[in-house]
Amino acid sequence: MTQSADIFHLELLSLRAVVNSIGAYIFTKDTQGRYTYANELACELFGRPLHEVVGSDDREFFELEASNDLQKNDRQVMDYGQTIDREERNIIKATGEVRYYHTVKTPVRDADGIIVGMCGISTDITERKKLEAQLERQAHIDYLTNLNNRGYFIELAEDELNRAIRYTHPMSLLMLDVDHFKRVNDTYGHKQGDKVLMELARVCVDTLRDTDIAGRLGGEEFAFLLPETDREEALEVAERLREVLAATAVGTDNGEEALHFTVSIGISTFGPELDTVDILLNSADKALYRAKKAGRNRVCAD
824 MTQSADIFHL ELLSLRAVVN SIGAYIFTKD TQGRYTYANE LACELFGRPL
874 HEVVGSDDRE FFELEASNDL QKNDRQVMDY GQTIDREERN IIKATGEVRY
924 YHTVKTPVRD ADGIIVGMCG ISTDITERKK LEAQLERQAH IDYLTNLNNR
974 GYFIELAEDE LNRAIRYTHP MSLLMLDVDH FKRVNDTYGH KQGDKVLMEL
1024 ARVCVDTLRD TDIAGRLGGE EFAFLLPETD REEALEVAER LREVLAATAV
1074 GTDNGEEALH FTVSIGISTF GPELDTVDIL LNSADKALYR AKKAGRNRVC
1124 AD
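Numbering (my numbering), first residue to last: 824 to 1125.
And the structure:
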């Protein structure tokens, strides 16, 4: 009997060593959602020794929203006998930090097959999620101006146009180009030209509505989609934008007088013959060309 107990004790110590050496959070809970075990890494996350973790539930370690979500997942495991494999978003109560985990939870049954709790294993995927978000941002956002890049702007514009078509709502598009931008680069250098584009983007975002969609099409050319905006309203918005930008001063690195610039803007408005993003862009581009040909620093509509 003593030998069997020694073997059992050795096996228990070996199992505990394995569980604590795995770079994952391993835990068990009873049917009330109270922890009955947590490995060393999980205890470190909770900031409590094991004897304080046992008998506690998620509300003591995570913010209410996160703990409620965890309890819903636990109930799915224990009420329906299902093994779940999913991402969980947790907000650590002690620090307010948001962490993401890939978690597998499975029911624990007694000798009669009755569910008496659950066990889970979670791996921290927060850094991976951050990298994914960064890569997604790089795929969608113009690095210089922080506006949507051309591809993502067109994607968003397609979605907005579909809504306008479905509900027969007005929608307009502005295409904006910096006047004599090459002269800015040639006179002040490309670094100063970049500052002009960054300031232009900032002013436009501050001037337009939160619901408007801004994008850099390339170079010094920008586009702005205005939902719920007819032709006359778009003209007012474009004129206001032109005036605000003309009054914008961009500081120079050499300490000389601040640089001012003007823009030309072309407008197209969704209608029976202007019912695709490509057609709207082409129409706004033609209106922009007319604005430049007429002397620049002005607005023209299709």
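Note that the Cβ used here is the ideal one computed from N, Cα and C, for glycine as well. These numbers come from a predicted model, not from an experiment.
{"query": "So, are the CB atoms of Leu967 and Met901 less than 9 Å apart?", "result": "no"}
{"query": "In terms of residue numbering, what span does the alpha helix (DSSP H) encompassing His963 cover?", "result": "949–963"}
{"query": "Do Gly940 and Thr1034 count as a contact pair if the criterion is CB distance below 9 Å?", "result": "no"}
{"query": "How should Asn1159 be labelled, buried or exposed, when 16 other C-beta atoms within 10 angstroms of its C-beta is the threshold for buried?", "result": "Because the chain is modelled from 824 through 1125, residue 1159 falls outside the range shown and cannot be assessed."}
{"query": "Please confirm whether Leu1104 and Ser1087 have their CB atoms less than 9 Å apart.", "result": "no"}
{"query": "Bridge partners for Asp994 per DSSP, in chain order?", "result": "Sequence check: residue 994 is Met here, not Asp. In the DSSP output, where bridge partners are listed per residue, Met994 has Pro1050."}
{"query": "Going residue by residue through the region 1048–1092, where are the continuous beta strand (DSSP E) segments of at least 3 residues, counting only ones entirely within it?", "result": "1086–1092"}
{"query": "By Cβ distance below 7 Å, which residues in the same chain neighbour Ser1106 in space, the five residues on each side in sequence not counted?", "result": "Ser1091, Leu1097, Asp1125"}
{"query": "If you run the structure through DSSP and keep just helix, strand and coil, what is Phe1004?", "result": "helix"}
{"query": "If I follow the unbroken beta strand (DSSP E) through Thr859, where does it start and stop?", "result": "858–861"}
{"query": "Give the range of the beta strand (DSSP E) segment to which Tyr966 is assigned.", "result": "Segment: none, Tyr966 is in no beta strand (DSSP E) and carries neither H nor E."}
{"query": "For my contact list, Gly1118 and Met998 are in at a C-beta cut-off of 8 Å; report their separation, rounded to the angstrom.", "result": "With 8 Å as the limit, Gly1118 and Met998 do not qualify as a contact, their Cβ atoms being about 17 Å apart."}
{"query": "Do you know how far the Cα of Leu887 is from the Cα of Gly943?", "result": "20 Å"}
{"query": "Go ahead and pull the three-state DSSP assignment for Glu1124.", "result": "The question names Glu, but residue 1124 is Ala in the sequence shown. Reduced to three states, the DSSP call for Ala1124 is strand."}
{"query": "Would you kindly report the start and end of the unbroken alpha helix (DSSP H) that includes Val931?", "result": "Element bounds for Val931: not the alpha helix (DSSP H) but the beta strand (DSSP E), 921–932."}
{"query": "Who are Thr851's beta bridge partners in DSSP?", "result": "Tyr860, Cys942"}
{"query": "For the alpha helix (DSSP H) that contains Leu873, what are its first and last residues?", "result": "873–876"}
{"query": "I need the straight-line Cα distance from Val1073 to Asp1002, nearest angstrom please.", "result": "15 Å"}
{"query": "Give me whichever residues DSSP pairs with Arg898 in a beta bridge.", "result": "In the DSSP output, where bridge partners are listed per residue, Arg898 has none listed."}
{"query": "Please tell me whether, using a cut-off of 8 Å, the distance from the CB of Ser844 to the nearest non-hydrogen atom of the ligand NAD is below it.", "result": "As far as ligands go, the structure on display features none, and thus does not contain the ligand NAD."}
{"query": "With a threshold of 6 Å on Cβ separation, who are the neighbours of Val927 within its own chain once the five nearest residues in sequence on each side are excluded?", "result": "Asp908, Ile944"}
{"query": "Are Gly1038 and Ile977 touching if we call contact CB-CB under 9 Å?", "result": "yes"}
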